[in-house]
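The next block holds one structure in the form of structure tokens; read it before the comments.
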């Protein structure tokens with residue numbers, strides 16, 4: 046877990062407050078833990094029965110789930126991009142128009158993109174997985190997603206390639222639009238809309 050998408054100053058102020066609250070909480074139950082032989086035995090092996098353990102658990106919970114809710118905006122302010130997006134990709138290679146399916150998995154500290162490409166008869170031709178990603182807030186308040194990816198062809202006798210993409214996110218219409226280029230000297234555009242929060246892990250519906 047990293048904190049690159051957190052508001053640094055707010056996080057620094059939040060941690061001491063969280064520490065105080067968890068200390069008060071822990072002190073309330075410390076006597077109960079020590080008076081119960083089973084809990085006392087477990088607590089000697091499991092670090093969760095400590096203020097540090099509880100803090101780690103809370104931060105993990107915020108990073109994995111609670112960041113999606115407005116209550117977390119004091120320390121985290123990024124859009125929830127999780128979901129399955131569908132649309133089209135236009136490649137400079139023979140000016141080809143293809144169906145594009147993008148699935149995003151995100152926490153407060155990470156984002157991962159898996160993209161499936163194929164024709165509009167639902168035959169997959171390739172799959173791309175990101176190897177590094179960056180979600181950046183622009184001066185206009187909107188977010189841009191940058192990523193490098195590795196592409197694996199689904200077609201026989203056709204190797205994969207690597208590339209880079211940058212996509213603008215428009216929250217009112219839940220849409221990504223942007224450009225990509227790859228090491229085959231091809232470029233193109235991507236335009237996809239959110240279809241579902243549920244991931245399918247495949248190209249075909």
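In our numbering, the protein residues as written are 46 to 250.
C-beta atoms are modelled at their ideal positions from N, C-alpha and C, and glycine is treated no differently.
In this text the structure is predicted, and so the values were computed from the model without any measurement.
Work out the CA separation of residue j and residue i for me, nearest whole Å.
i, j, result
"residue 237", "residue 102", "36 angstroms"
"residue 130", "residue 72", "47 angstroms"
"residue 172", "residue 218", "25 angstroms"
"residue 205", "residue 121", "37 angstroms"
"residue 151", "residue 188", "14 angstroms"
"residue 248", "residue 162", "7 angstroms"
"residue 232", "residue 211", "12 angstroms"
"residue 143", "residue 69", "58 angstroms"
"residue 223", "residue 235", "5 angstroms"
"residue 177", "residue 98", "30 angstroms"
Is residue i helix, strand or coil by DSSP?
i, result
"residue 183", "coil"
"residue 126", "coil"
"residue 245", "coil"
Can you tell which of the options has the C-alpha that lies nearest to the C-alpha of residue i?
i, options, result
"residue 52", "138, 154 and 65", "154"
"residue 138", "228, 250 and 166", "228"
"residue 170", "96, 145, 95 and 108", "145"
"residue 208", "202, 196, 201 and 200", "196"
If contacts are defined as beta-carbon pairs under 8 angstroms, then residue i and residue j qualify, I think. What distance do you get, rounded to the angstrom?
i, j, result
"residue 128", "residue 242", "5 angstroms"
"residue 124", "residue 214", "6 angstroms"
"residue 156", "residue 180", "6 angstroms"
Please give me, in chain order, every unbroken run of the beta strand (DSSP E) with length at least 3 that falls completely inside the region 136-183. Within the region 136-183, the complete beta strand (DSSP E) runs of at least 3 residues are 141-151, 156-163 and 169-182.
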